[in-house]
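This report refers to the structure that appears directly beneath it.
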Amino acid sequence: MAKVPVQFTLNGAEKAEFIDSGTTLLHALRDKIGDTSPKGGCHQGTCGACTVIIDGELRLSCLTLAETCNGAAVTTTSGLSEGGVLHSLQRAFLDAFATQCGFCTPGMIMAAKVLLDHTPNPSREDVVEALSGNICRCTGYEPIIQAVLTAARSNSQNAV
Amino acid sequence: MALALQTFPTVEDAGAALKAAGTRYLGGGTLVVRAANEGDVSISGFIRSTEPALSIIRISGGEVRIGASVTMAAIARHPDLAPLAHAARAVGGPAIRNMATVGGNLFAPTPYGDFTVALLALDATVTTDYGELPIETFLAKRESNHAIVTAVGFTLPKEGGFRFLKQSRVKPKGVAVLSIATVLEQAQDGTVTSARIALGCMADRPIRARAAEKALIGRKLTADGIAPALAVAHDGTSPPTDPIASAWYRNEVLPVHLGRLLLA
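Chains as they are written, first to last, in my numbering: chain A, 1 to 160; chain B, 1001 to 1264.
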C-alpha cells in the first residue's frame, strides 16, 4: 500500500512522516514519531489512556486517523514540561500520589489540562466531569481529583 | 493492517466511492475506527467528505437543521439548543463528545446512541444524499441503507416540552441501562394533548413507546394520571441482556424511570 504524507505540529515542533493510509494517530505518535506518552489501552474509546489535545480540543488518538490531523496542533503530555521543569499538573500528580501504575496518567493530565485551560478555578464536580472519560484502576480517583484541584490552586497563586 | 482513508470535497463524490465493497463512511471515528481496531474484517477502507454544509447548525423560525458532522460537544454548547444539551452531554466523556457526530449517533448500536433517542422523540427527519426520511423509517433500515446521512432536522420543542433521562450505573459517565426522551404538549389545565416517548436500550435500536403515548393523551401528569401509561410502557419492547443490565431488569425499571421523568 502506498504511503501517505502527514504533517502536523507536535508540542510546538513541526512533524512530517509518511505513514500507511488509515493509521491511527496513536500508532503514528508512538511507533513512527516516538512520542510514547499517549498509551494504547482499550483501542475502543473507553479508557482514555490515549487522550491528546488537537487544536485545543480533547481527542482520543486511538480513534483518530493521523491523516485527519494534517495541519493541526497536537499536544501530548510529553510536551508539557518546559526546560526540565514539570508542568503544574505533573508536579501535583507526583505530590498527591495520583499515579500508581502510571498507565492512565498521561490521559488524565491531558483531560485536566483542557479543563484548567477553560476553567482555571474548577469545582470538584467540574473535575469529576472533566475526567469522566478516563479510567484509572489503581488510585480510586480521589488522589487524581485532589491533584487537579491542587494544580488549579497553584496556578491561581502563581498568577497573582 | 492499516485501512486506506479516502477524503472527498463533496458528499456526492464520497457517496460514489462508498459503493465499493468493504468501505465505511468515517464521521468522528468513534464507531467505525473502533470496529476496525476490534478486528472487523468486513472493513477494507474509510470514506469521508469535508463538505462544509455537514458541519453547520442552522436554526430559523424554530426549525433546526444539524449537519451530520456536527459533534455532540458543538450541540451541547450551542445557546439555541440548550434544551438538547443534556441529551448531547449524555454521550460519552469529553473527548468522545468532541469526536462523536450526530450522523454517527444514528448508527450507534444499543446500548449506545443516546442522542438518537432524543431525535426520535423530536420526530426528526434524516436527510441523506438520496433524500429525506422520517427518523423511525431510517432507523428501521439503517443497516441496509448505504446512503450518507447529511443532516437531521426537527422543530424545536416548546419551553419545557422536551425531557430526557439517561440511567447508567457509573456516574457521571456510563453506558446506559436505558434512556428515555419525551416531547409532550399540554392544554392550559395540564391535560396532555400530544405525547411522543422514545426509549433507548429497550430494543436493538431506539423505539417509540406507542402504547404509553396513547395512554397519556387526555391525562394529567400526576401519579394517578400517568399510571395507565406506565402499565403499558414495555409494550413492544425487547431489551437486550448485556454486561450493563439484563432484559428482565430493564423491563422492571422502565416504568419507574418513565414515571420519574413524567412527574419531574
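Where a beta carbon is used, it is the ideal one built from N, C-alpha and C, also for glycine.
- Item | 7 Å Cβ cut-off: residues of chain B touching GLU142(A) | Near GLU142(A) there are no residues of chain B at all, since even the closest Cβ is about 15 Å away, more than 7 Å.
- For PRO1157(B), count neighbouring Cβ atoms within 10 angstroms of its own Cβ and tell me buried if that reaches 16, exposed if not. buried
- Task: Return the bridge partner residues of LEU10(A) from the DSSP annotation.
- Result: ALA13(A) and VAL74(A)
- Query: What separation, rounded to the nearest whole angstrom, lies between the Cα atoms of MET1099(B) and GLY1029(B)?
  - Reply: 7 Å
- Task: In the DSSP assignment, find the unbroken beta strand (DSSP E) run with GLU1012(B) in it and report its ends.
- Result: First-last for GLU1012(B): 1011-1017, but that is the alpha helix (DSSP H), not the beta strand (DSSP E).
- Message: By the DSSP assignment, the alpha helix (DSSP H) with VAL128(A) in it spans what residues?
- Response: 124-130
- Task: Buried or exposed for GLY102(A), please, with buried defined as at least 16 other CB atoms from any protein chain shown within 10 angstroms of its CB.
- Result: exposed
- Query: Which residue's Cα is closest to the Cα of PRO161(A): GLU125(A), ILE145(A), ILE109(A) and GLN146(A)?
  - Reply: Within the shown structure, residues of chain A are numbered from 1 to 160, placing residue 161(A) beyond reach of any answer.
- Message: For LEU115(A) and VAL1183(B), I'd like the C-alpha separation in whole angstroms.
- Response: 33 Å
- Message: Beta carbons nearer than 7 Å to chain A: which residues of the region 1151-1164 of chain B have them?
- Response: none
- Query: Which residues in the same chain have their Cβ closer than 7 Å to the Cβ of ILE1056(B), if we skip the five residues on either side of it in sequence?
  - Reply: GLY1067
- Three CB pairs or more closer than 8 Å across the region 144-159 of chain A and the region 1019-1026 of chain B: no
- chain E residues whose Cβ lies nearer than 8 Å to that of PHE1046(B): Protein chains A and B are contained in the structure displayed, whereas chain E is not.
- Cut-off 6 Å between Cβ atoms - residues of its own chain near ALA1212(B), not counting five sequence neighbours on either side: ILE1197, ALA1229, VAL1232 and ALA1233
- GLN44(A) touches chain B at which residues, Cβ-Cβ below 8 Å? ARG1034, ASN1037 and GLU1038
- Cβ of GLY133(A) within 8 Å of any chain B Cβ: yes
- Query: What are the start and end residues of the beta strand (DSSP E) that includes GLU142(A)?
  - Reply: Run containing GLU142(A): none in the beta strand (DSSP E); it sits in the alpha helix (DSSP H), 142-159.
- Task: Identify whether LYS1171(B) lies in helix, strand or coil by the three-state DSSP scheme.
- Result: coil
- Query: So GLU1136(B) is in the alpha helix (DSSP H); what residue range does that whole segment cover?
  - Reply: 1135-1140
- Query: Are the C-beta of MET1099(B) and some C-beta of chain A separated by less than 8 Å?
  - Reply: yes
- Query: For the alpha helix (DSSP H) that contains LEU1266(B), what are its first and last residues?
  - Reply: Coverage of chain B is limited to positions 1001 through 1264, which leaves residue 1266(B) absent and any answer about it impossible.
- Task: Verify the CB distance criterion: does VAL6(A) have a CB-CB separation below 8 Å to chain B?
- Result: no
- Amino acids of chain A, ordered along the chain, whose beta-carbon sits closer than 7 Å to that of LYS1173(B): SER132 and GLY133
- Item | Within chain B, the residues that CYS62(A) reaches when beta carbons sit closer than 7 Å | ASN1037
- Item | Three-state class that DSSP yields for PRO1240(B) in the structure shown | coil
- Item | Under the three-state DSSP convention, the category PRO5(A) falls into | strand
- Message: Runs of 4 residues minimum, wholly inside the region 1009-1077 of chain B: which ones carry the alpha helix (DSSP H) assignment?
- Response: 1011-1017, 1032-1037 and 1072-1077
- Message: Suppose only complete runs of 3+ residues qualify. What are the beta strand (DSSP E) ranges in the region 1175-1212 of chain B, listed by chain order?
- Response: 1176-1186 and 1192-1200
- Task: List the endpoints of the continuous beta strand (DSSP E) containing GLY1153(B).
- Result: 1149-1155
- Message: 8 Å is my cut-off, CB to CB: does PRO1009(B) come that close to chain A?
- Response: no
- Message: Distance check for THR1155(B) and TYR1130(B), CA to CA, integer angstroms please.
- Response: 22 Å
- Query: Residues bridged to ILE54(A) by DSSP?
  - Reply: GLU57(A) and VAL74(A)
- Message: Alpha carbons only, please: which of ILE145(A), GLU17(A) and GLY140(A) is nearest the one belonging to ARG214(A)?
- Response: Here chain A comprises residues numbered 1 to 160, so residue 214(A) is not present and cannot be evaluated.
- Message: Against chain B, does LEU58(A) count as a neighbour if the rule is that its beta carbon must be under 8 Å from one of theirs?
- Response: yes
- 8 Å Cβ cutoff met for SER21(A) and GLU67(A): yes
- Query: Rounded to a whole number of angstroms, what is the C-alpha to C-alpha distance between ASP1235(B) and ARG1205(B)?
  - Reply: 15 Å
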